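The next block holds one structure in the form of structure tokens; read it before the comments.
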Amino acid sequence: MAKGLTTAKLRAATSEQEVTEAVAEMAATLGDAPIPAASVVAMLTELAEDAAKIRAELKAATRLREVLLASAAHDLRNPLNTFAMSAGLLRDDLGDPEIDRTRALALLSRMDRASHRMQGLIDDLVEASRVEAGAIDLVKKPEQASAVIQAAIAKATPLITEKGATLTEGTIADLTIACDRQRTADAIAKLVAVALKTTGEGASMQLGAELVANVPTITLRACAPRATTSTPLATDASRGGVSFVIGRGLLAAQGATIASEATPEGPRTLIAFGD
């Protein structure tokens, strides 16, 4: 019996027309011969399992969308409030014939920074959607871990400077990892942004590279100001927001995984690159 073939076509159908065609082909294949009950049950079981998997994936995707929207709304609120407040103050100042030019320019600069921040958040939302849809281009090739870390530090430097934090190189072993250097640097920069949400301004952060269980691994440690141990990185979208979704997605697309490890100095984030 062609149960496997016919069921596979039903499972692969993505429209009503494809379902109709698959059922018609199944009917033609099976003919009028009686079908053992066990075979029918097996086919229905396969289809039910697929349906359950699809429902679970849909539920997870819906939850992720809700988290992303909530995170974006929260992150947009601060720069939007800054822009609105600065615009209001500038409007009041413009009504004064003896306007303070220095103050006006400072308000305009604040509005400019807020608008850039909002544009960055909007760009992140678009990028997160592309990452989740798998619509990203990757060029994987052997790269020195030191080069990847240097690219990540360069990418994260503007945010690090803005937050009054530091990001330095730790111990870096002579390792080669298979990755897209720029995309990996983007991902690590996003994870740095996630860590800064927890540590706050003035954090001390460090990137290193070593073999962990014989797997080339980039490590990230983040210490809050005046803290003696590091702070664990958010490990899901509900805590890490859009930045975490982008970082995790860019790494997962390259076969890399994110985990946390407890050390005597506190937790650190591990980004492991498989074969």
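Take any residue in the sequence shown, count from 1 to its spot, add 3: that is its number in my numbering. The beta-carbon is built from N, C-alpha and C at its ideal position, and this holds for glycine as well. Please read all numbers here as calculations on a predicted model, not as lab measurements.
C-alpha gap between residue i and residue j, whole angstroms
i	j	result
A1	G211	Here the chain has residues from 4 to 278 only, and residue 1 is not among them.
R186	G258	13 Å
R68	A59	14 Å
A76	L128	11 Å
R224	S74	24 Å
A138	E130	9 Å
A216	I180	15 Å
N81	L199	16 Å
G244	T272	17 Å
A265	L236	12 Å
L33	V26	10 Å
N84	P145	45 Å
L111	V248	32 Å
T234	L214	22 Å
A117	F86	6 Å
I156	T202	17 Å
T174	A55	46 Å
R14	I38	20 Å
E204	E21	55 Å
E101	A107	11 Å
S246	R229	25 Å
A148	T105	46 Å
M208	C226	6 Å
V218	I274	10 Å
For residue i, three-class secondary structure by DSSP
i	result
I102	coil
A340	A query on residue 340 cannot be resolved here, the shown segment of the chain reaching from 4 to 278 and no further.
A73	helix
I38	coil
A54	helix
A176	coil
E2	Outside the modelled stretch of the chain, which goes from 4 to 278, sits residue 2, for which no answer is possible.
E165	helix
P28	Before going on, a small fix: residue 28 reads as Glu here, not Pro. DSSP places E28 in helix when its eight states are reduced to three.
Beta-ladder partner(s) of residue i, from DSSP
i	result
S18	Looking at the DSSP assignment, S18 forms no beta bridge with any residue, so it has no partner.
L194	Paired residue(s): none; L194 is not in a bridge.
M208	L170 and A225
L273	T222 and A262
A181	P145
Any C-beta of chain C under 9 Å from that of residue i
i	result
H77	The structure shown has no chain C; it contains just one protein chain.
Which runs of the beta strand (DSSP E) fall wholly inside the region 75-159 and span at least 3 residues, in chain order? Qualifying beta strand (DSSP E) stretches, in chain order: 144-147.
As an exercise, report each continuous alpha helix (DSSP H) stretch of at least 4 residues that is fully enclosed by the region 213-266, in chain order. Within the region 213-266, the complete alpha helix (DSSP H) runs of at least 4 residues are 240-255.
Touch check for the region 188-207 and the region 249-257: three-plus C-beta pairs under 8 Å? Yes, they touch.
Examine the Cβ distances between the region 159-171 and the region 138-147 and report whether three or more of them are shorter than 8 Å. Not touching, per the Cβ criterion.
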